[in-house]
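Presented below is the structure to which this report refers.
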Amino acid sequence: MATRVKRSTRRSLRILPPKEPIWPLRVHQYHEMIRTGILTDDDPVEFLEGLLVLKMPKNPPHRISTQVTRDVLGRLVPKGWYVDDQEPITTKDSEPEPDIAVIQGERRDYSGRHPYADEVALVVEVADTTLERDRTSKKRLYARSGIEIYWIINLVDRVIEVYTQPLSNAEEPDYQERRDYSPSEKIPVFIKNQVIAEIVVQELLP
Numbered sequence: 000m001a002t003r004v005k006r007s008t009r010r011s012l013r014i015l016p017p018k019e020p021i022w023p024l025r026v027h028q029y030h031e032m033i034r035t036g037i038l039t040d041d042d043p044v045e046f047l048e049g050l051l052v053l054k055m056p057k058n059p060p061h062r063i064s065t066q067v068t069r070d071v072l073g074r075l076v077p078k079g080w081y082v083d084d085q086e087p088i089t090t091k092d093s094e095p096e097p098d099i100a101v102i103q104g105e106r107r108d109y110s111g112r113h114p115y116a117d118e119v120a121l122v123v124e125v126a127d128t129t130l131e132r133d134r135t136s137k138k139r140l141y142a143r144s145g146i147e148i149y150w151i152i153n154l155v156d157r158v159i160e161v162y163t164q165p166l167s168n169a170e171e172p173d174y175q176e177r178r179d180y181s182p183s184e185k186i187p188v189f190i191k192n193q194v195i196a197e198i199v200v201q202e203l204l205p
């Protein structure tokens, strides 16, 4: 279907950037803040492109779509892969917590660190109030890290946006290809360039 982005009248929270220069963090500094207790599990922040960014609260449709997608993908991924939800992955300058990630190996392989981007076959963000962020900073950092496939389950327009072919070394990293799948269409699930299954989009929507 067409990839034209529809405008939404729904208002979202906007955090204005500071007027003064800021000092971005590095991944190891962010980890040290967690290790020393400066940041805890109760702090609603995510580390994106060197900055601590406020997490948005989750609406019931977001929760349902995330859980259903995790369950469906969990039944489909082959041996040697697993599905995680809302847990960190580590990139060069960020540590996003995607709603869903398909990760190589087993959970116990990562007892000493979070998965790296090159160990992730697919990331999924479920978007309602976060749609703008997921289409901009999240998409940019996933492309920069070379993650091959990025889905946005767009609850506003009830489509799944699929981004492929990352340009990781571009001045403005992005994905070269985008295709939107409507509720009645089947979306292919790729792992390392192989289709492992197809899912009717409606199954992943609340």
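1 is the number that numbering that gives the first Met the number 0 gives to position 2 of the sequence shown; each next residue is one higher, with no gaps.
All residues carry an ideal CB built from backbone N, CA and C; glycine is no exception.
Just so you know, these numbers come straight off a predicted model, no measurement behind them.
- prompt: If Ile88 and Pro114 are in contact, beta carbons under 8 Å, what's the gap, nearest whole angstrom?
  reply: The beta carbons of Ile88 and Pro114 sit about 5 Å from each other, so the pair counts as a contact at 8 Å.
- request: Look at Glu94 and Tyr29 and say whether their C-beta atoms are less than 8 Å apart.
  value: Cβ distance < 8 Å, so Glu94 and Tyr29 count as in contact.
- request: Could you tell me which residues DSSP pairs with Glu45 in its beta bridges?
  value: Bridge pairing for Glu45: Val52 [DSSP].
Contacts around Val71, its chain only, beta-carbon distance under 8 Å, and the 5 residues preceding and following it disregarded: If we look at Val71 and ignore the five residues flanking it on each side, its Cβ neighbours are Ile198, Glu202, Leu203.
query: When you compare each of Pro187, Ala142, Lys185, Arg177 to Glu216 by their alpha carbons, which one comes out closest?
result: Here the chain comprises residues numbered 0 to 205, so residue 216 is not present and cannot be evaluated.
field: Cβ-based neighbour list, Val158, same chain, cut-off 8 Å, excluding 5 preceding and 5 following
entry: Closer than 8 Å at the Cβ level, and outside the excluded window around Val158, lie Met0, Asp179, Tyr180, Ser181, Pro182, Val200.
query: Which partner residues of Asp173 appear in the DSSP bridge assignment?
result: Among the bridge pairs identified by DSSP, Asp173 is matched with Leu166.
task: Put Lys78 into one of helix, strand or coil per three-state DSSP.
output: Secondary structure of Lys78 (DSSP, three-state): coil.
query: Fully enclosed by the segment 101-164, which alpha helix (DSSP H) runs are 4 residues long or longer?
result: For secondary structure counted as the alpha helix (DSSP H) over 4 or more consecutive residues, the segment 101-164 holds these complete runs in sequence order: 130-134, 136-143.
message: I'd like the span of the alpha helix (DSSP H) that includes Gln28, first residue to last.
response: 26-34 is the extent of the alpha helix (DSSP H) around Gln28.
- prompt: Between which two residues does the beta strand (DSSP E) carrying Gln85 extend?
  reply: Taken as a continuous stretch (DSSP letters only), Gln85 belongs to no beta strand (DSSP E), as it is neither H nor E.
message: Short of 8 Å in beta carbon distance, which residues of its chain neighbour Leu166, apart from the five on each side in sequence? Order them along the chain.
response: Scanning its chain for C-beta atoms nearer than 8 Å, with the 5 sequence neighbours on each side dropped, one finds around Leu166 the residues Ala142, Pro172, Asp173, Tyr174, Gln175, in chain order.
task: Rounded to whole angstroms, what's the CA-CA distance from Lys54 to Pro43? Just pull it up for me.
output: If I take the Cα positions, the gap works out to 5 Å.
query: Any idea what DSSP makes of Arg3, helix, strand or coil?
result: With a pLDDT of only 41 at Arg3, under the threshold of 50, the placement of this residue in the model should not be trusted, and no figure is reported.
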